[in-house]
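Just so we're aligned, residue 62 is where the sequence shown starts under our numbering, counting upward by one. In this text, a Cβ means the ideal position worked out from N, Cα and C, and glycines have one as well. Step one of this worksheet: look at the structure below.
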Amino acid sequence: MKIIMLGAPGAGKGTQAKQIADKYSIPHISTGDIFRANIKNGTALGEKAKQYMDQGLLVPDELTCDLVMDRIQQDDCKNGFVLDGFPRTIPQAQALDAALEKIGQSLDYEIDVDVPDENIVNRMSGRRACLSCGATYHVVSIPTKVEGICDRCGSEVVLRDDDKPETVQKRLTVYHEQTQPLIDYYKKQNILKSVDGTQPMEAVFEAITQILGA
């Protein structure tokens, strides 16, 4: 079961990807984790990626695809995988398809966790984080016991710059420009499945398991 997760920043696709990985005993693979693991282990691909990252540059599509392909050909992926955060663009999707075709494989599902921009801005601007211990909260769904104070360590909780409405809106604009076209790309391949991400987390996961075959 080879799955790609799509969804705007804050749509909850990472959370769903982890749950899918647990339920179906397949690895949850994010490009960030792949980069970190290869750099930590000093692999040839990791060294190449590090050269770009150290300069603050994006890792080129071809190298990113090589890293992903290296990861999904490991033993724990023999029954499938959940890819989270890749591909982000049409060229990346085409590179992945071509690389999979070379080893006689193809993707089974592309699941889009669909949440309107307005919901995402409200959802993310309600997040609060403790900069001391890393605990995260939400003013509506997971409030602190004492307003503005971390339950865990008693430090102040703050709205991170990443979660400010104007920053979220910028990230959504980039998403729509770069990643939205992937929805049409996978629709043409008949592997796109869309779920309503505005539902409670459990309902979103139930909708996904129905698609995948519970």
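| request: For my contact list, leucine 233 and isoleucine 65 are in at a C-beta cut-off of 8 Å; report their separation, rounded to the angstrom. | output: The pair is not a contact, with the Cβ atoms about 20 Å apart (cut-off 8 Å).
| task | Buried or exposed for asparagine 140, please, with buried defined as at least 16 other CB atoms from any protein chain shown within 10 angstroms of its CB. | result | Exposure of asparagine 140 is indicated by the presence of fewer than 16 other C-beta atoms within 10 angstroms of its C-beta.
| request: Leaving aside the five residues before and after tyrosine 247 along the sequence, list all residues of the same chain whose C-beta is less than 7 Å from its C-beta, in chain order. | output: Glu171 and Leu253
| said: At the level of alpha carbons, what is the spacing between arginine 213 and histidine 89? | reply: 28 Å
| message | If I measure Cβ to Cβ from proline 152 and keep anything under 8 Å in the same chain, skipping five residues before and after, which residues do I get? | response | Non-local beta-carbon contacts of proline 152 in its own chain, meaning distances under 8 Å to residues more than five positions away in sequence, involve Asp122 in chain order.
| task | Verify whether the separation of the beta carbon atoms of leucine 157 and cysteine 138 is less than 8 Å. | result | no
| task | Identify the continuous beta strand (DSSP E) that holds glutamate 171 and give its terminal residues. | result | Per DSSP, glutamate 171 belongs to the beta strand (DSSP E) from 170-175.
| proline 261 classed as buried or exposed, judged by whether at least 16 other C-beta atoms fall within 10 angstroms | exposed
| Of the residues Lys79, Lys84, Gly75 and Ile133, which one's Cα is nearest the Cα of isoleucine 95? | Ile133
| Which partner residues does glutamate 217 have in the DSSP bridge list? | Ile210
| query | What did DSSP end up calling cysteine 138 once you bin it into helix, strand or coil? | reply | helix
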